[in-house]
Amino acid sequence: MHSEVISPIVQIVLSKGNGTSLRVHDLTNYIEISFSNITIKDDTVDYECVYFDEISHDWSSDGMSSQYDSRTLTMKCLTSHLTSFAVIDLNFKKAVNNQPKPNTPPSFSIKKDANGNVDATAAIAATVSILGSVLVCGIIISISIAIVAVAMRSRKSHV
Numbered sequence: 001m002h003s004e005v006i007s008p009i010v011q012i013v014l015s016k017g018n019g020t021s022l023r024v025h026d027l028t029n030y031i032e033i034s035f036s037n038i039t040i041k042d043d044t045v046d047y048e049c050v051y052f053d054e055i056s057h058d059w060s061s062d063g064m065s066s067q068y069d070s071r072t073l074t075m076k077c078l079t080s081h082l083t084s085f086a087v088i089d090l091n092f093k094k095a096v097n098n099q100p101k102p103n104t105p106p107s108f109s110i111k112k113d114a115n116g117n118v119d120a121t122a123a124i125a126a127t128v129s130i131l132g133s134v135l136v137c138g139i140i141i142s143i144s145i146a147i148v149a150v151a152m153r154s155r156k157s158h159v
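If you count the sequence shown from 1, position 72 lands on 72 in full-length UniProt numbering, and the numbers rise without skipping.
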């Protein structure tokens with residue numbers, strides 16, 4: 001199976017003596033990370049150095065520089081921060097991102113208009129739906145309690 005990540009994923013962390021991680025970012029001098037054995041077979045290949053963005057949960061190249069050396073088959077990545085790094089195939093990532101997203105089942109939400117105001121009809125429908133569900137659950141619980149009470153009463157009268 002082909003993956004957008006074509007190198008090992010390298011995580012670089014600096015920590016204090018007690019194990020607490022130090023946040024390293026916005027360095028004035030770049031850190032160089034080299035990935036070896038990166039083979040680019042033709043001109044259509046588009047490999048790039050990336051880091052894993054913890055906020056977007058995706059690979060990003062923002063603030064990074066990529067330099068490929070075809071003589072040594074090495075991709076050099078320059079970065080101003082520390083996190084998880086890899087080399088990805090941008091063509092594969094673009095192809096995956098351009099595929100239609102699968103249909104997701106609808107979830108409960110209240111419709112809002114262009115100004116962000118709640119649509120009154122939707123709010124009323126949601127309220128009625130929730131109250132109806134609570135009412136049905138209450139009726140089922142009441143019937144169950146009544147059946148148990150009748151069963152217990154009939155057992156006492158037979159004893």
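Glycine residues also receive a C-beta, built at the ideal position from the N, C-alpha and C atoms.
Please read these numbers as outputs of a predicted model, since none were measured by experiment.
Member of Val10, Leu14, Thr83 and Ser21 whose CA lies at the smallest distance from the CA of Ile55: Thr83
Range covered by the beta strand (DSSP E) that runs through Leu78: Thr74 to Thr79
Alpha-carbon spacing of Tyr47 relative to Asn37, whole angstroms: 13 Å
Buried versus exposed, by CB contacts within 10 Å (16 or more), Met152: exposed
Delimiting residues of the beta strand (DSSP E) encompassing Glu48: Tyr47 to Asp53
Neighbourhood of residue 160 by C-beta distance below 6 Å, restricted to the same chain and skipping five residues each side: Nothing about residue 160 can be read from this structure; the chain reaches only from 1 to 159.
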